[in-house]
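Okay, so here's the structure we're looking at.
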Amino acid sequence: MPDYNRALNSSVNYIEQNLKNRFEMEDVADRAGFSLFHFMRVFYSFTGYTLKGYIRERRLSDAARELLRSNKKVLELATEYCFESSETFIRAFKKEFKETPNQFRKKKQLIKYTPRLKVQICRITKGEMKMDCKIKDMDDIRVVGIKRKIVTRESKQQIAALWDDFLSHKNKNENLRTAQTVGICFPEPKYLEQQPEPDDTWFYMAAVIMKDDVDIPDGLIEHIIPASKYAIFTHKGSFEKLHETYKFISVDWIQQVDYEFYLHEEIEWYDERFKPENPENSEYDILVPIK
0 MPDYNRALNS SVNYIEQNLK NRFEMEDVAD RAGFSLFHFM RVFYSFTGYT
50 LKGYIRERRL SDAARELLRS NKKVLELATE YCFESSETFI RAFKKEFKET
100 PNQFRKKKQL IKYTPRLKVQ ICRITKGEMK MDCKIKDMDD IRVVGIKRKI
150 VTRESKQQIA ALWDDFLSHK NKNENLRTAQ TVGICFPEPK YLEQQPEPDD
200 TWFYMAAVIM KDDVDIPDGL IEHIIPASKY AIFTHKGSFE KLHETYKFIS
250 VDWIQQVDYE FYLHEEIEWY DERFKPENPE NSEYDILVPI K
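Positions 0 to 290 (numbering that gives the first Met the number 0) are the ones given, in order, by the sequence shown.
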């Protein structure tokens with residue numbers, strides 16, 4: 000079973016030792032002993048930082064401290080801390096500290112500073128939230144539905160509108176009406192590389208599972224989900240409590256198993272247990288790809 004304390008602290012140590020050296024995020028994941036996608040997901044879940052965001056904040060914080068303690072030029076610091084140019088450094092610095100390096104230096108006061116992470120993870124043995132998990136190998140899945148780009152800050156409204164549009168198709172077609180309903184979240188590794196912003200985008204699909212010999216109705220598209228192994232969890236209650244389920248999966252459960260998260264589509268499985276009109280008594284399954 001992976002030792003997440005050791006893995007995360009080893010990766011943080013590597014980052015600290017190389018703030019002034021160029022390295023790839025794969026190098027950090029290698030120190031932890033995980034694939035990059037799995038490591039980016041658990042790093043964010045355990046620390047609240049994206050991997051790329053943490054590295055950037057640490058470099059900017061140490062560069063800011065050197066601005067106050069030395070006479071180094073902005074270009075020199077930009078080069079030392081592995082920014083592509085002084086313009087890139089100044090732009091990132093201003094976004095982080097709300098002022099340019101020269102303005103910051105004149106103030107001679109470091110108000111915001113991101114310290115080195117100290118990771119201490121408690122292995123979960125019991126707690127308020129308990130959830131069963133089934134592991135299942137699934138073949139290719141053919142789905143038919145509507146796929147759209149979702150803007151994070153508008154995701155609730157956009158996904159609701161997407162489902163309304165899809166259900167209007169489903170209710171008019173017998174093949175769709177009797178098929179298994181699913182929601183598909185498409186993996187976006189780039190989303191995990193940066194600090195989540197309100198304008199970040201990702202893709203979601205409202206769909207049904209269809210047999211190969213059924214034609215695609217007008218207005219819908221087809222997508223094939225490749226065969227994969229899934230960890231299956233049941234979310235109980237309203238969508239407002241969904242973050243608790245994902246926290247359990249990404250922090251509590253993952254510490255207790257020998258699996259890694261896999262770069263694949265995540266599936267929401269809606270059957271007769273799903274009751275949107277009675278959310279407190281509603282259930283649906285979340286299928287998380289693993290390897």
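Idealized CB from N, CA, C, for every residue including glycine.
- With fewer than three CB-CB distances shorter than 8 Å, the segment 230-242 does not count as touching the segment 196-216.
- S10 is not a Cβ neighbour of K290, given a cutoff of 9 Å.
- A check of alpha carbon separations from K235 across E265, D214, I248, R272 identifies R272 as the nearest.
- For K105, the uninterrupted alpha helix (DSSP H) run begins and ends at 100-106, by DSSP.
- The alpha carbon of C184 has as its nearest neighbour, out of M24, C81, H222, N20, the alpha carbon of H222.
- Under the three-state reduction of DSSP output, A230 falls in the strand class.
- Shown here, F260 sits in a strand according to DSSP, grouped into three states.
- Across the structure, Y43 and D199 are spaced so that their CA atoms are roughly 16 Å apart.
- For M204, the secondary structure class from DSSP, reduced to helix, strand or coil, is strand.
- With 16 or more other CB atoms across the displayed protein chains lying within 10 angstroms of its CB, L50 is buried.
- One alpha carbon belongs to K105, the other to V73, and they sit about 13 Å apart.
- Around the Cβ of I285, a 10 Å sphere holds 16 or more other Cβ atoms; the residue is buried.
- Going by C-alpha positions, I54 is about 47 Å away from D217.
- If you ignore the 5 residues before and after I14, its C-beta comes within less than 8 Å of the C-beta of V27, Y53, I54, R57, all in its own chain and listed in chain order.
- For the 9 Å CB-CB criterion, F96 and K117 do not form a contact.
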